[in-house]
Amino acid sequence: MRATAGAKDTSMTAAFMSLTNPGSASIKLTSATSPVAGIVQLHEMAMKDGKMVMQEKAGGITVPAGSHAHLAPSGDHVMLMGLKQGLKPGDEVPLTLKFSDGSSHDLTVPVKAFTEEEEHYHPTPTPTSTP
Ligand SMILES: [Cu+2]
């Protein structure tokens, strides 16, 4: 989870992780909650009007059977908004993930300083081929 210490906007942050699905059926991360945030959403980066923006990911984040989903600053992430406290490197934040099969997982997420912050909110335009 990205620290808010030193950030311009300390009311929100994001969590990044790798999810592994050892099962034989794909599964979706459908929601998340944390006591430090008023609202937790699952976000994706999407191209809108020629620039990358983040938006709520409809239907959740799929973890394919026997594979992984990587939540990273340039892609899908867990967005924490309405933070009730500042987060500094070294802090640990409880995060509960809920999945489409009804299971939930309680995590303790370490807070780290992220140098990718600018990339996350203001991604450098990269040339893309038009289909
Ligand atoms: Cu976001």
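Here the sequence shown stands for residues 1 to 131, where the numbers follow the UniProt record's numbering.
All C-beta atoms, glycine included, are put in the ideal place defined by N, C-alpha and C.
With C-beta atoms as the reference, is residue i less than 8 Å away from residue j?
{"i": "A3", "j": "K112", "result": "yes"}
{"i": "M81", "j": "S11", "result": "yes"}
{"i": "S34", "j": "H70", "result": "no"}
{"i": "L29", "j": "I61", "result": "yes"}
{"i": "P89", "j": "F16", "result": "no"}
{"i": "S26", "j": "V63", "result": "yes"}
Cβ of residue i versus every heavy atom of ligand 1: is any distance shorter than 7 Å?
{"i": "A14", "result": "yes"}
{"i": "H70", "result": "no"}
{"i": "M79", "result": "yes"}
{"i": "M47", "result": "no"}
{"i": "H43", "result": "yes"}
{"i": "M54", "result": "yes"}
Between which residues of its own chain and residue i is the CB-CB distance below 7 Å, once the five residues before and five after are set aside?
{"i": "G23", "result": "A65"}
{"i": "T13", "result": "M1, R2, T4, L80, L83 and L87"}
Tell me which residue opens and which closes the beta strand (DSSP E) that residue i is part of.
{"i": "S14", "result": "According to the sequence shown, residue 14 is Ala rather than Ser. Here the beta strand (DSSP E) through A14 covers M12 to A15."}
{"i": "Q41", "result": "A37 to K48"}
{"i": "M81", "result": "H77 to L83"}
{"i": "K98", "result": "E92 to F99"}
{"i": "S31", "result": "I27 to T33"}
{"i": "P110", "result": "S104 to P110"}
{"i": "A69", "result": "S67 to L71"}
Sorted by chain position, which residues of the same chain lie with C-beta nearer than 6 Å to residue i's C-beta, five sequence neighbours on each side aside?
{"i": "D91", "result": "V111"}
{"i": "E117", "result": "Reliability of the predicted coordinates at E117 is poor, the pLDDT of 49 falling under 50, and the value obtained from them is presented with this limitation in mind. Cβ neighbours of E117 beyond the five flanking positions: none."}
{"i": "G38", "result": "G82"}
{"i": "K109", "result": "It should be pointed out that residue 109 corresponds to Val in this sequence rather than to Lys. Here the set comprises M1, A15, V93 and L95."}
{"i": "D9", "result": "none"}
{"i": "V40", "result": "A32, T33, S34 and L80"}
Enumerate in chain order the residues of its own chain whose CB-to-CB distance from residue i is below 8 Å, with the five nearest sequence positions on each side excluded.
{"i": "H68", "result": "S18, L19, T20 and N21"}
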